[in-house]
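A.B. asks:
Numbering (our numbering), first residue to last: 172 to 329.
#1: Is the distance from the Cβ of residue 232 to the Cβ of residue 266 below 8 angstroms?
#2: Is the CB-CB distance between residue 205 and residue 307 below 8 angstroms?
#3: Reducing DSSP to helix, strand and coil, say where residue 320 ends up.
#4: Going by beta carbon distance, what residues of the same chain come within less than 7 angstroms of residue 219, once the five residues before and after it are set aside?
#5: What does a CB cutoff of less than 6 angstroms around residue 278 pick up in its chain, not counting 5 residues either side in sequence?
#6: So, for residue 176: in the same chain, excluding its five sequence neighbours on each side, which residues have a beta-carbon less than 6 angstroms away from its beta-carbon?
#7: Classify residue 191 as helix, strand or coil using the three-state DSSP reduction.
#8: I need the DSSP call for residue 237, collapsed to helix, strand or coil.
#9: Assign residue 211 to one of two classes, buried (16 or more other C-beta atoms within 10 Å of its C-beta) or exposed (fewer than that).
Given below as structure tokens:
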């Protein structure tokens with residue numbers, strides 16, 4: 172069976188991930204490694220440069236308790252960081268959804284139709300739990316944040 176990821180991004184999945192995802196079609200791959208963002212939903216993210224490579228971030232991150240469908244809690248979080256991914260990682264940690272990134276891969280391609288998009292693939296851990304996660308976006312930063320939210324969902328809510 173051809174690799175649905177390779178068809179869209181012109182690359183193979185990273186070693187380890189390719190074995191785990193072998194035989195999956197595109198829809199199954201997405202459903203498994205890029206779960207919907209209804210558990211951790213980034214409702215808003217603003218950035219303000221502070222100088223010397225540091226940016227102030229403010230986010231509204233909505234979380235859903237798996238035991239209470241339809242019930243969301245909105246968290247207004249702020250931090251200062253040198254990048255989007257470290258800022259979001261720190262914010263997730265504050266709400267008890269720690270994610271440690273062990274491997275990071277990013278590619279440009281056509282995930283959904285003809286529209287160019289970015290894909291970030293993470294190997295992420297929290298304690299003894301580990302997962303691969305996918306995120307897609309119109310920019311590298313959007314894809315990275317989406318992958319981090321996917322990893323948080325897979326590590327903490329499944």
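No residue lacks a Cβ here, since even glycine has one placed at the ideal position from N, Cα and C.
C.D. replies: If we stick to the structure as given:
#1: Translated into the one-based positions of the chain shown, residue 232 becomes position 61. Translated into the one-based positions of the chain shown, residue 266 becomes position 95. In contact: residue 232 and residue 266 (Cβ atoms closer than 8 angstroms).
#2: In the chain shown, residue 205 corresponds to position 34, counting from 1. In the chain shown, residue 307 corresponds to position 136, counting from 1. Result yes, Cβ atoms of residue 205 and residue 307 sit closer than 8 angstroms.
#3: Indexing the chain shown from 1 puts residue 320 at position 149. DSSP places residue 320 in helix when its eight states are reduced to three.
#4: Against the chain shown, residue 219 aligns to sequence position 48. Cβ within range, chain order: 226, 227.
#5: As a working mapping, residue 278 is identified with position 107 in the chain shown. 180, 182, 290, listed in sequence order.
#6: As a position in the chain shown, residue 176 is number 5, starting the count at 1. Counting only Cβ-Cβ distances below 6 angstroms, and skipping sequence neighbours, we find 184.
#7: Looking up residue 191 in the chain shown gives position 20. If DSSP states are grouped into helix, strand and coil, residue 191 belongs with the helices.
#8: Looking up residue 237 in the chain shown gives position 66. Note: residue 237 maps to coil in three-state DSSP.
#9: On the chain shown, position 40 is the one that residue 211 refers to. Under this definition residue 211 is a buried residue.
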